[in-house]
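Novice: The structure under discussion is supplied below as structure tokens; questions concerning it will follow.
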Amino acid sequence: MSERSNTLAVALHYEKPNVPVPRVVAKGRGAIGEKIIETARASGVPIEPNAPLAEALAQVELDEEIPEALYRAVAEVLIFVLRAAGKVE
Numbered sequence: 005m006s007e008r009s010n011t012l013a014v015a016l017h018y019e020k021p022n023v024p025v026p027r028v029v030a031k032g033r034g035a036i037g038e039k040i041i042e043t044a045r046a047s048g049v050p051i052e053p054n055a056p057l058a059e060a061l062a063q064v065e066l067d068e069e070i071p072e073a074l075y076r077a078v079a080e081v082l083i084f085v086l087r088a089a090g091k092v093e
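Laid out in structure tokens, this is it:
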């Protein structure tokens with residue numbers, strides 16, 4: 005099994021104030037994980053590689069809010085994304 009075929013990706017949706025807590029909107033491993041990453045890149049969505057966080061988020065059901073225990077780690081990723089988009093200094 006190649007490293008690429010074991011790729012895990014998790015996509016979150018967060019839009020304050022309409023979506024007060026980030027939700028898992030897509031997740032997958034292998035070809036599905038690669039497709040999630042490909043779609044994100046094509047849409048200009050920044051990607052933050054973080055295997056431990058992705059593994060934890062993969063345990064969350066689709067369209068469910070992330071657990072409170074992951075708020076801090078996800079907040080750090082959101083700050084990265086906002087900085088990459090030039091929305092936060």
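Numbered according to this note's numbering, the sequence shown spans residues 5 to 93. Each residue gets a CB set at the ideal place from its N, CA and C atoms; glycine is no exception. Quick caveat, the model's predicted, so the values are computed rather than measured.
1) Helix, strand or coil: which one does DSSP assign to residue 14?
2) Tell me the residue span of the alpha helix (DSSP H) that contains residue 161.
3) Mind checking who residue 27 pairs with in its DSSP beta bridge?
4) Please determine, among 42, 80 and 85, the residue with the shortest C-alpha to C-alpha distance to residue 12.
5) Among all the DSSP beta bridges, which residues are the ones paired with residue 32?
6) Would residue 28 pass as a contact of residue 57 if the rule is Cβ separation under 8 Å?
Specialist: From the atom records:
1) Against the sequence shown, residue 14 aligns to sequence position 10. Strand at residue 14.
2) The shown model of the chain, from 5 to 93, leaves out residue 161, and the question about it has no answer.
3) Translated into positions along the sequence shown, residue 27 becomes position 23. Note: residue 27 sits in a beta bridge opposite 17 and 69.
4) Taking the sequence shown and counting its residues from 1, the one referred to as residue 12 is at position 8. Residue 12 has its Cα closest to that of 42, out of 42, 80 and 85.
5) Walking along the sequence shown from the start, residue 32 turns up at place 28. Paired residue(s): 13.
6) Reading the sequence shown from its first residue, position 24 is the one you call residue 28. Reading the sequence shown from its first residue, position 53 is the one you call residue 57. Their beta carbons are not under 8 Å apart, which means residue 28 does not touch residue 57 by this criterion.
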